[in-house]
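Remarks on the structure that follows.
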Amino acid sequence: MNSDGTQDARGTHTNPVPRPAGPPDVPAMPPRPPQAPGAPPLPDGSGFVNWLRAPRPDAAPGVWRFGHRPRPAEEPEEIPTRQLLSGALIAFLVGWLIWSLLQNGYLGGWWWVPLHLITPDSWRGGDSTLGETGTFLVYRGYELLVALAIMVGVARLGRWSEVWRRFVAPRFRRPEPQEAPPVPQDDPAQWNQLREAGAVDAAERLAAEASSGLMRDVDHARILRAWQGVLSGRHSLATFSSAVLQDGAAACLHPSGERDLPTRLARHDLVTGQVRLGTTVEDARNPYAYRGAGLALGPELLGTSLVAVGPAGSGKTGSVVWPVAESLCLHALAGRASVVVVGAAGAGLGPADAYDVVVRIGNPESVHDLDLYGGTTDPDEAAAILAEALVGDLADPHPGGDSRRSTTVLAQLLGPFRAVHGRFPSVPELRQLLDGAPGPRDALRKALQEAGEESLLRELDARERQSGHPGDVGAVLADRVALLDRPAFSGFFDASGQSRPFSLKALDHPVRVRIDLPERGHADASRILARLVLAQFTASVAVREDRSLFACLVLDDATGVVTPEAVRGIQRLRSAHAGAVLTLRTLDDVPRPLRGPLLGATGCRMALSGLTPWDGQDFAEVWGKEWTEARDVTDRQIIAETPAGKALYVLRRVITGNAPTARAVTVRQVERERWSASELAHGVPPGHAVLSLTNVQGEHAPPLLVDLRS
8 MNSDGTQDAR GTHTNPVPRP AGPPDVPAMP PRPPQAPGAP PLPDGSGFVN WLRAPRPDAA
68 PGVWRFGHRP RPAEEPEEIP TRQLLSGALI AFLVGWLIWS LLQNGYLGGW WWVPLHLITP
128 DSWRGGDSTL GETGTFLVYR GYELLVALAI MVGVARLGRW SEVWRRFVAP RFRRPEPQEA
188 PPVPQDDPAQ WNQLREAGAV DAAERLAAEA SSGLMRDVDH ARILRAWQGV LSGRHSLATF
248 SSAVLQDGAA ACLHPSGERD LPTRLARHDL VTGQVRLGTT VEDARNPYAY RGAGLALGPE
308 LLGTSLVAVG PAGSGKTGSV VWPVAESLCL HALAGRASVV VVGAAGAGLG PADAYDVVVR
368 IGNPESVHDL DLYGGTTDPD EAAAILAEAL VGDLADPHPG GDSRRSTTVL AQLLGPFRAV
428 HGRFPSVPEL RQLLDGAPGP RDALRKALQE AGEESLLREL DARERQSGHP GDVGAVLADR
488 VALLDRPAFS GFFDASGQSR PFSLKALDHP VRVRIDLPER GHADASRILA RLVLAQFTAS
548 VAVREDRSLF ACLVLDDATG VVTPEAVRGI QRLRSAHAGA VLTLRTLDDV PRPLRGPLLG
608 ATGCRMALSG LTPWDGQDFA EVWGKEWTEA RDVTDRQIIA ETPAGKALYV LRRVITGNAP
668 TARAVTVRQV ERERWSASEL AHGVPPGHAV LSLTNVQGEH APPLLVDLRS
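Going by this note's numbering, 209 is the number at position 202 of the sequence shown; the sequence numbering is gapless.
Written out as structure tokens, the structure is:
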């Protein structure tokens, strides 16, 4: 059975995702990949069942829910240590003084009255029936009760319980033994949702495989995804049950046949779909409910897109890009997502065998090519995408800029060429047409005349008339196309169908793609290709048939990629169940008019350590201000009015060295920046970042200081 969304893309000329040569061995499990220290255990018998049953309470956006212990929303008021200890000591001394005064009779004998009221008069003499010993015990017992009452009173006044909790109890606390989590009422390891639907045999098979160690987290997520296809009516219950009974935990495999990644470097929880990035710091600027909690991202946050800004070496690739890409690859294996990761060759975006398709542009050993036109057959759509890639960074941010004129110029050439040849032109052919070489244009005109394409002839005539006018963008397009018409790219961007081009039209199924850009020696060409991939991605996800798959583009180093059309495309991703992750060394790599729109279009914004004050100012503006309590302390010198007072103040000044003062405290509510530009530039430690979050439901998390190393 093909699980929901795992079938190959159809209706495009893209080659299918590579499938294994033969079916995987069942029930033998593949070797488990290495796991990060402290991560949730990989499925292994009872370990997997315990992991599956672990509590995952609902939490605020960005909180790592696996084993999370919620905190109160507000921080409890805590007495300063010095004040607490001094108060406890003073209370003890007061209690001791009261007891001493009572014992020595300085306060009279009134405290014996309650005992005399409840005891016979004969008990006060030695001839009582209790005897001397009994009388002694009664009186000493009463004294003990009074002492205990005094001690309880002074303990409450001196907050001795707080002293015990903060300073004494931790020294005697023993680590609690690790216990298996209790079985929840609806045990996820028993697959009760299948039993209720009548698939009892399938549920028994899956429960047996989970308890025997033949199931892992990716299998669980993948089978749940297939079950959602049954509930939505895309698959029948009989087909699903047959696949599960035949293959067990290996049912509904990804087209690649893989059940896990070769290695794992980050901490993942596929039940919630989260990947852990770090820990929220115990800092007064962080909300109390977040302090000390794990910070994680998932599709519900990436669906609003993420932009991360930080200088080289601040941890953008290792701490953000690769963990997110690894998580999305796991989601793809589970049939939940499709991911495209774009970066420079050797940027550390994961091993090649973690992906289904690896496009190494400029590398002769690359198996796959990149479709220059995004798999479309519409000349106008192809022209718009190609114009955005070629001159999008030159476009004026206002309507009527070069981007629209460039789209018209390209459409005037792509339409006639496709009508004659049945395909779009290759890079050398497109360059010749834009340069106005007479040979290719005359041949194209003759072919159109023979085919009787009058409308397309008018398009070609219009292009020839415009090419001689000043300010024609055809020359600019030809110069940009020339950057791709280099010997290093001679075997790429083939439009004849002879190579194996990959098109982003294939995002209808859970494919894992990595595109390596030739950053070294071809920086300008790499930026053109990055803009091309972003334009194709935003255009493709909007017309997908299966929007239940989450699609994400991870772009490591978006320098020169942010254009007006790119910002508009990012704004539309949320409604298409898609998102983008962009990293920048500095916001100076984005045109000034687009910095605010970019930060406004992305719901998740990250400022890493080492940010410049100018970048910090942009983040401070988008994060806004909040009301906070400000305390103004004023010391006012005391002026004595009597001679004795003056003498006392002179003596006090001689002893202390300071003039006698009276302190006045003013408390008021003021509006201040959540994080100032100076704090972002100089107050974020190395390996840390300030991150604000917004999920697709619109819930917000304020800027949080996060330790990316924990």
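C-beta: ideal position from N, C-alpha, C; glycine also.
Model, not experiment: these values are computed from the prediction.
Would you report the Cα separation of residue i and residue j, rounded to the nearest angstrom?
i: G631; j: S219; result: 53 Å
i: S616; j: A708; result: 20 Å
i: C611; j: S699; result: 6 Å
i: N702; j: P68; result: 7 Å
i: F174; j: L91; result: 11 Å
i: H428; j: D442; result: 20 Å
i: G317; j: Q456; result: 56 Å
i: L244; j: T609; result: 40 Å
i: E628; j: F179; result: 49 Å
i: G381; j: A558; result: 16 Å
i: K323; j: T383; result: 33 Å
i: A354; j: S547; result: 26 Å
i: W171; j: A156; result: 19 Å
i: V161; j: R292; result: 36 Å
i: A587; j: Q543; result: 13 Å
i: D276; j: A196; result: 16 Å
i: L151; j: L108; result: 15 Å
i: G305; j: T590; result: 17 Å
Can you tell me whether residue i is helix, strand or coil according to DSSP?
i: I535; result: helix
i: S616; result: coil
i: V398; result: helix
i: V159; result: helix
i: T701; result: strand
i: D625; result: helix
i: P404; result: Residue placement at P404 is poorly supported in this model, since its pLDDT is 46, which falls under 50; the coordinates are not used for a value here.
i: R551; result: coil
i: G381; result: coil
i: L221; result: coil
i: T570; result: coil
i: D376; result: strand
i: P709; result: strand
i: L304; result: strand
i: V56; result: helix
i: W198; result: coil
i: S433; result: coil
i: D442; result: helix
i: G603; result: helix
i: T545; result: helix
i: D193; result: coil
i: V207; result: helix
Which one or two residues does DSSP pair with residue i in a beta bridge?
i: L673; result: Reading the sequence as shown, one finds Thr at residue 673 and not Leu. BP columns for T673 point to D639.
i: Q644; result: T668
i: C611; result: L313
i: F557; result: A344
i: H695; result: D714
i: K632; result: E680
i: N591; result: First, the residue type needs correcting, since residue 591 is Leu and not Asn in the sequence shown. Bridge partners of L591: V316.
i: R367; result: D523
i: L562; result: V349 and L589
What I want to know is whether the C-beta of residue i ends up closer than 7 Å to one or more non-hydrogen atoms of the ligand SAH.
i: L463; result: This structure does not include the ligand SAH; it has no bound ligands of any sort.
With 8 Å as the threshold, decide whether the Cβ of residue i is near any Cβ in chain B.
i: D479; result: The displayed structure is made up of one protein chain only, and chain B is not part of it.
* Quick one: which unbroken beta strand (DSSP E) runs of 3-plus residues sit fully inside the stretch 447-526? Chain order, please. => 519-524
* To do: At 4 residues or longer, and completely inside the stretch 228-292: list those alpha helix (DSSP H) runs for me, N to C.
  => 244-254
* To do: Answer yes if the stretch 301-316 comes into contact with the stretch 80-99, meaning at least three C-beta pairs across the two stretches below 8 Å, and no otherwise.
  => no
* **Given 8 Å, three or more beta-carbon pairs between the stretch 361-370 and the stretch 525-544** => yes
* To do: Inspect the CB distances between the stretch 117-126 and the stretch 97-107 and report whether three or more fall short of 8 Å.
  => no
* To do: Kindly confirm or deny that the stretch 377-388 and the stretch 282-291 touch, where touching means at least three C-beta pairs closer than 8 Å.
  => no
* **Inter-stretch contact (C-beta, 8 Å, three-pair minimum) for the stretch 599-614 and the stretch 635-648** => no
* Asked: At which residue ranges does the stretch 64-125 contain complete alpha helix (DSSP H) runs of 4 or more residues, listed in the order of the chain?
  -> 88-110 and 120-125
* To do: Tell me, please, whether the stretch 591-602 touches the stretch 666-684 by the rule of three or more beta-carbon pairs shorter than 8 Å.
  => no
* **contact_flag[the stretch 676-683, the stretch 245-259] where n(CB pairs < 8 Å) is 3 or more** => no
* Asked: Would you say the stretch 329-340 touches the stretch 551-569, given that touching needs at least three Cβ pairs under 8 Å?
  -> yes
* To do: Mind the definition here: the stretch 447-463 touches the stretch 479-489 only if three or more C-beta pairs lie below 8 Å; say whether that holds.
  => no
* Is the number of C-beta pairs between the stretch 337-350 and the stretch 519-526 that are closer than 8 Å three or more? -> yes
* Would you call the stretch 254-261 and the stretch 293-303 touching, i.e. three or more CB-CB distances under 8 Å? -> no
* **Stretch-stretch touch, CB-based, cutoff 8 Å, three pairs: the stretch 258-269 with the stretch 50-66** => no
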